[in-house]
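Chemist: Each residue of the sequence shown is one higher than the one before, counting from 146 in the numbering used here.
Each residue gets a CB set at the ideal place from its N, CA and C atoms; glycine is no exception.
This is the structure, below, for whatever I ask next.
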Amino acid sequence: MVFHKYMLGGDRPKTMLKLLCVTAHPDDEAGAFGGTLLLYHDRGVETQVVCMTAGTAARNRGSSRSNEELAAMRRAEFAASCKLLNVSQYEVLDYPDGELDRTDYYRAVEDLTRRMRQIRPHVVLTFGPDGGLTGHVDHAMAGVFATLAFEWAGRPDRYPEQLEQGLTPHRAQKLYYLAADFVLPDRQIIAPATVTTRVEVGAERFEKKDEAFRQHTTQAPLFERVKKNLGQRGGGVEMYHLAVTRDPREAKHEADLFEGVVEE
Ligand SMILES: [Zn+2]
């Protein structure tokens, strides 16, 4: 049982370590981060997902007849996927799908900074500016917004009105970008993030991740391709790039996103 490794012992009430994952579209939580979310839940970490858009720019639209119908369907699919992945809390924001590069960055970072200060995660996962495996510009932008929010949640001079409303600054300890030691042939990955961290999630969790992805029934035409690209190529491992840490240190190879993380 590795469960207790992440719990506080002693007389104090048990406080959970927290992992926050910031994504762009409903289905990213499963396709990109699903095995990792499952693994850390199994290790007693509280996992949360914030998704920037409801995915209404998708080519695959199921039976929906309007953006509103598609948004409602994709929000429901996201909820079903998060439940299968044992995610404690999950939320879809209302930023415009396909246009995160033209969205008001100040408001987007404000929204994520607020959530960092509310959720108070120890570790944050998101996409890097390469767009994480698919090269999707929305992925890149979600990662840029999350990176700024990671930094600014700890600074009292950023979004001070949140502090006046009762929130307090929060410094998360580690920020990771999705990474891989391969590129997909049909995608424009220009310069991928280096792999610093290989998380062994195992074949069983890869199956469950696939099952979570399949909750996104409007995206059914993608199922086989995603399984082939991500599930099989990864070989039971999800890879990340350790982008920044709260405490200065040299980069080293890791197998655990919570290595060196301290409870507080
Ligand atoms: Zn996506």
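#1: Going along the chain, which residues of its own chain have a beta-carbon closer than 6 Å to the beta-carbon of L293, five neighbours each way excluded?
#2: Tell me whether T258 sits in a helix, a strand or coil according to DSSP, three-state version.
#3: From D326, M161, D355 and V167, pick the residue whose C-alpha is nearest to that of A225; which is it?
#4: Taking three-plus beta-carbon pairs below 8 Å as touching, is the segment 185-199 in contact with the segment 227-235?
#5: Just tell me which of V232, D256 and S233 has its CA closest to the CA of Y240.
#6: So V344 and L184 are supposed to be a Cβ contact under 8 Å. How far apart are they, rounded?
#7: Does the beta-carbon distance from T271 to C166 come in below 8 Å?
#8: So, helix, strand or coil for G154, using DSSP?
#9: Please work out which residues of its chain come closer than 8 Å, Cβ to Cβ, to E409, disregarding the five sequence neighbours upstream and downstream, and give them in chain order.
#10: Under 8 Å between the Cβ atoms of L315 and L162?
#11: Determine the burial state of A388: buried for a count of at least 16 other Cβ atoms within 10 Å of its Cβ, exposed for fewer.
#12: Looking at the structure shown, is R252 part of a helix, part of a strand, or coil, going by DSSP?
#13: What are the boundary residues of the beta strand (DSSP E) that includes L182?
#14: First and last residue of the beta strand (DSSP E) that includes K319?
#15: At which residues does the beta strand (DSSP E) containing K163 begin and terminate?
#16: Should the segment 279-298 be regarded as contacting the segment 349-369, the criterion being three or more beta carbon pairs within less than 8 Å?
#17: Are the CB atoms of A324 and M384 nearer to each other than 8 Å?
#18: Could you tell me which residues DSSP puts in a beta bridge with E191?
#19: Could you tell me which residues DSSP pairs with Y240 in its beta bridges?
#20: Does the beta-carbon of A216, which I'm using as the reference point, lie nearer than 7 Å to any heavy atom of ligand 1?
#21: By the three-class DSSP mapping on this structure, what secondary structure does E174 have?
#22: Considering only residues of the same chain and omitting the five flanking positions on each side of L238, which have a CB-CB separation below 8 Å?
#23: Under a three-way DSSP split, which group does Q234 fall into?
#24: Give the C-beta separation of G179 and F358 to the nearest angstrom, bearing in mind that I take them to be a contact with Cβ-Cβ under 8 Å.
#25: Hey, could you find the ends of the beta strand (DSSP E) E270 is sitting in?
#26: Work out the CA separation of R391 and Y319 for me, nearest whole Å.
#27: Going by C-alpha distance, which of Q307, R265, A177 and R303 is nearest G277?
#28: Measure the beta-carbon distance from G207 to T363 and round it to whole angstroms, keeping in mind my assumption that it falls under 8 Å.
Modeler: Checking against the coordinates, here is how it stands:
#1: The answer, listed in chain order, is V254.
#2: Helix.
#3: Of the listed residues, the one whose Cα sits closest to A225 is D355.
#4: Yes, the segment 185-199 touches the segment 227-235.
#5: Nearest of V232, D256 and S233 to Y240, Cα basis: D256.
#6: Here V344 really is in contact with L184; their C-beta atoms are around 7 Å apart, less than 8 Å.
#7: T271 is a Cβ neighbour of C166, given a cutoff of 8 Å.
#8: Model confidence at G154 stands at a pLDDT of 45, short of 50, so the residue's coordinates are unreliable; what they give is reported in the following sentence. Here G154 sits in coil by DSSP.
#9: If you ignore the 5 residues before and after E409, its C-beta comes within less than 8 Å of no other C-beta in its own chain.
#10: Looking at the sequence shown, residue 315 is not Leu but His. Cβ atoms of H315 and L162: not closer than 8 Å.
#11: It is buried - the Cβ of A388 has at least 16 other Cβ atoms within 10 Å.
#12: Reduced to three states, the DSSP call for R252 is helix.
#13: Residue range G179 to D187 is occupied by the alpha helix (DSSP H) that includes L182, with no beta strand (DSSP E) assigned at that position.
#14: Element bounds for K319: K319 to A324.
#15: Counting along the chain, the beta strand (DSSP E) containing K163 begins and ends at K163 to T168.
#16: Short answer: they don't touch.
#17: Closer than 8 Å, so yes.
#18: K163, per the DSSP bridge assignment.
#19: Secondary-structure assignment with DSSP links Y240 through a beta bridge to T198.
#20: A216 Cβ: outside cutoff for every heavy atom of ligand 1.
#21: In this structure, E174 counts as helix in the three-state DSSP scheme.
#22: Answer for L238: V195, C196, M197, T198 and D256, listed in chain order.
#23: In the displayed model, Q234 falls within a strand according to three-state DSSP.
#24: Right, the Cβ-Cβ distance comes to about 7 Å (below 8 Å), so this counts as a contact.
#25: For the record, residue 270 in the displayed sequence is Leu; it is not Glu. Counting along the chain, L270 sits inside the beta strand (DSSP E) bounded by residues V268 to T271.
#26: Correcting the residue identity first, residue 319 is Lys in this sequence and not Tyr. K319 and R391: Cα-Cα distance of roughly 6 Å.
#27: Looking at Q307, R265, A177 and R303, the one whose alpha-carbon comes closest to that of G277 is A177.
#28: Contact holds; Cβ gap of about 3 Å.
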